[in-house]
Amino acid sequence: MQIKIGFTHNNRELQIVSERNHDEVLAEVREFLQDSTPTRVLELETNKGDRHLVLREHVAYVEVGTAAKGTVGFL
Numbered sequence: 007m008q009i010k011i012g013f014t015h016n017n018r019e020l021q022i023v024s025e026r027n028h029d030e031v032l033a034e035v036r037e038f039l040q041d042s043t044p045t046r047v048l049e050l051e052t053n054k055g056d057r058h059l060v061l062r063e064h065v066a067y068v069e070v071g072t073a074a075k076g077t078v079g080f081l
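And the structure:
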């Protein structure tokens, strides 16, 4: 699944590809966004093992994609 995080005062977004369960990630992100503590940190791990720490006060939005399986073939 793909997770996109947009930041305040920044035109770029962080894109993370993860193999984690969609519902678990969505619940974790909801809890993170509902907490008004500006120093709250969300930790996400990519499918390659990289870890990203995101500070709550700088997050503008989070987009959690569907857990879609890859397709094989050409268009």
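For the sequence shown, counting from 1, position 26 maps to 32 in the numbering used here; every step adds exactly one. Quick reminder that beta carbons are idealized off the backbone N, C-alpha and C, glycines included.
**Request:** Pull up the distance between the alpha-carbon of V35 and that of V78, whole angstroms please.
**Result:** As a working mapping, residue 35 is identified with position 29 in the sequence shown. As a working mapping, residue 78 is identified with position 72 in the sequence shown. The alpha-carbon atoms of V35 and V78 are separated by roughly 30 Å.
**Message:** So for H15, helix, strand or coil by DSSP?
**Reply:** Residue mapping note: residue 15 aligns to position 9 of the sequence shown, counting from 1. Coil at H15, not helix or strand.
**Request:** Going by CA-CA distance only, name the one from N17, H15, R26 that's closest to E51.
**Result:** Reading the sequence shown from its first residue, position 45 is the one you call residue 51. The residue with the shortest Cα to Cα distance from E51 is R26.
**Request:** Rounded to whole angstroms, what's the CA-CA distance from Q40 to F80? Just pull it up for me.
**Result:** Residue numbering aside, residue 40 sits at position 34 when the sequence shown is read from its first letter. Residue numbering aside, residue 80 sits at position 74 when the sequence shown is read from its first letter. Roughly 42 Å between the two C-alpha positions.
**Request:** Report the option in D29, V60, L32, K54 whose CA atom is closest to the CA atom of T43.
**Result:** In the sequence shown, residue 43 corresponds to position 37, counting from 1. Considering only alpha carbons, the answer is V60.
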